[in-house]
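**Student:** Pasting a structure below so you can have a look.
In this note's numbering, the protein residues as written are -7 to 287.
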């Protein structure tokens, strides 16, 4: 029974990785019909309302300290999605999927600044591999990083700060409550930026409405619920490996659905980044475990 639950948990996490990977393609397509900040406004506010309804009993117990922590986390979440969504106007889905995933390599170094816990050799090697991969993916012939890739790198930094902040505050606060508050904060900031920097929204097409609902319901609410339930029945190593496949699925879907070009340079850059993610998340412990079992 335990093995069966573990299998279902891993399959659920695989579905989460597929959903998140598809989110890059859906976002890219949606930007043809609506401006970035208005899209984020709808996405975060719908997600806030849905999560608030689903977890209303827990949310109504939120205290002032929860709102303070959620406010900071929400700023990082907005920063990540804002730079990611705007950056997607200037780069490909495949490149962005892999560069965004580099946030897991940055987290140990950011957490170092918070907890004074020095990163190990695996994190250092991962960082080197990661930035080699980013360089291969991002730099043009003139050795200048493209604007879209630059914004995506900033996005990865925001997501790394976001993950580190959640790791720090979730020890003292209900993570579900923090999630609801951060959605509200990110939604409000998106509305403010939309009103300041973008023209007044006209009628939204049916394609945009469908995409926004997909991002709000599937990429946020359902993926969040699946991840939290699944992690009770599987190991952190399994979780890290499976969720890192988000970048792979994002890259594959961009090739299939958006017909983005597939080059040797793209492949080498993606492999370098993917290996760096696996290294920093797992330290290759699953290989050590298999070796011990064989001996």
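All C-beta atoms, glycine included, are put in the ideal place defined by N, C-alpha and C.
Excluding the 5 residues preceding and the 5 following residue 260 in the sequence, name in chain order all residues of the same chain whose CB lies nearer than 7 Å to its CB.
**Tutor:** Around residue 260: 128.
**Student:** What residues in its chain sit with their C-beta under 7 Å from that of residue 118, if we drop five residues either side in the sequence?
**Tutor:** Answer for residue 118: 97, 268, 271 and 272, listed in chain order.
**Student:** For residue 216, which three-state DSSP category applies?
**Tutor:** Of the three classes helix, strand and coil, the one that applies to residue 216 here is helix, per DSSP.
**Student:** If residue 92 and residue 144 are in contact, beta carbons under 8 Å, what's the gap, nearest whole angstrom?
**Tutor:** Yes, they are in contact, since the Cβ atoms of residue 92 and residue 144 sit about 6 Å apart, within 8 Å.
**Student:** Can the beta-carbon of residue 234 be found closer than 8 Å to that of residue 94?
**Tutor:** Contact flag unset, no.
**Student:** Of all the options 187, 111 and 101, which has the alpha carbon lying nearest to the alpha carbon of residue 149?
**Tutor:** Checked all of 187, 111 and 101; the closest Cα to residue 149 is 101.
**Student:** List the residues that DSSP assigns as beta-bridge partners of residue 131.
**Tutor:** Residue 131 pairs with 137.
**Student:** In chain order, what residues of the same chain have a beta carbon less than 7 Å from the beta carbon of residue 77, not counting five sequence neighbours either side?
**Tutor:** Here the set comprises 19, 28, 31 and 32.
**Student:** Beta-carbon within less than 6 Å of residue 103's beta-carbon, same chain only, minus the 5 sequence neighbours each way: which residues are those?
**Tutor:** Result list for residue 103: 156, in chain order.
**Student:** By the three-class DSSP mapping on this structure, what secondary structure does residue 26 have?
**Tutor:** In this structure, residue 26 counts as coil in the three-state DSSP scheme.
**Student:** At which residue ranges does the segment 96 to 125 contain complete alpha helix (DSSP H) runs of 4 or more residues, listed in the order of the chain?
**Tutor:** Counting only runs of 4 or more, we get nothing.
**Student:** Helix or strand or just coil, what does DSSP make of residue 225?
**Tutor:** Of the three classes helix, strand and coil, the one that applies to residue 225 here is coil, per DSSP.
**Student:** Pull up the distance between the alpha-carbon of residue 194 and that of residue 254, whole angstroms please.
**Tutor:** Their backbone Cα atoms lie some 36 Å apart in a straight line.
**Student:** Beta-carbon separation of residue 161 and residue 54 under 8 Å?
**Tutor:** It is not a contact, given that the beta carbons lie outside the stated cut-off.
**Student:** Can you say whether residue 120 is buried or exposed, counting buried as having 16 or more other CB atoms within 10 angstroms of its CB?
**Tutor:** Looking at its Cβ environment, which holds fewer than 16 other Cβ atoms inside 10 Å, residue 120 is exposed.
**Student:** Within the same chain, show all residues whose beta-carbon is closer than 8 Å to that of residue 252, passing over the 5 residues directly before and after it, in chain order.
**Tutor:** Cβ within range, chain order: 84, 85, 86 and 246.
**Student:** Excluding the five sequence neighbours on either side, which residues of its own chain have a C-beta within less than 6 Å of the C-beta of residue 225, listed in chain order?
**Tutor:** Cβ within range, chain order: -3, -2 and 1.
**Student:** Below 7 Å CB to CB, which residues in the same chain sit around residue 8 once its five sequence neighbours on both sides are set aside?
**Tutor:** Only 215, 218, 219 and 235 meet the Cβ criterion.
**Student:** CA-CA distance, residue 187 and residue 110?
**Tutor:** Each residue's Cα considered, the two are about 42 Å apart.
**Student:** Is it buried or exposed for residue 38, if we count other Cβ within 10 angstroms and need 16 for buried?
**Tutor:** Label assigned to residue 38: buried.
**Student:** Which residue's Cα is closest to the Cα of residue 239: 14, 5, 3 and -5?
**Tutor:** Taking only the C-alpha atoms, the option nearest residue 239 is 14.
**Student:** Judging by CA-CA distance, which residue of 202, 201, 189 and 171 is the nearest neighbour of residue 47?
**Tutor:** It is 171.
**Student:** Run the CB neighbour count on residue 107, radius 10 Å, all protein chains shown included, and call it buried at 16 or more, exposed below.
**Tutor:** Flag for residue 107 reads exposed.
**Student:** State the Cα-Cα distance for the pair residue 295 and residue 136, rounded to the nearest angstrom.
**Tutor:** Residue 295 cannot be examined here, being either before or after the span of the chain that is shown, -7 to 287.
**Student:** Quick check on residue 162: does DSSP put it in helix, strand or coil?
**Tutor:** Note: residue 162 maps to coil in three-state DSSP.
**Student:** Taking just the CA atoms, how far does residue 26 sit from residue 184?
**Tutor:** The straight-line gap from Cα to Cα measures roughly 16 Å.
**Student:** Rounded to whole angstroms, what is the Cα-Cα separation between residue 241 and residue 10?
**Tutor:** Whole-angstrom Cα-Cα distance: 6 Å.
**Student:** For residue 43, which residues of its own chain have a beta-carbon under 7 Å away from its beta-carbon, when the five flanking residues on both sides are left out?
**Tutor:** 171, 172, 175 and 213.
**Student:** Can you give the Cα-Cα distance for residue 289 and residue 153, rounded to whole angstroms?
**Tutor:** Missing from the structure shown is residue 289; the chain here goes from -7 to 287 and no further.
**Student:** Applying the criterion that 16 or more other CB atoms from any shown protein chain within 10 Å of the CB defines a buried residue, is residue 34 buried or exposed?
**Tutor:** That one is buried.
**Student:** Over what stretch of residues does the alpha helix (DSSP H) that includes residue 204 continue unbroken?
**Tutor:** Where residue 204 is concerned, the enclosing alpha helix (DSSP H) stretches over 198 to 208.
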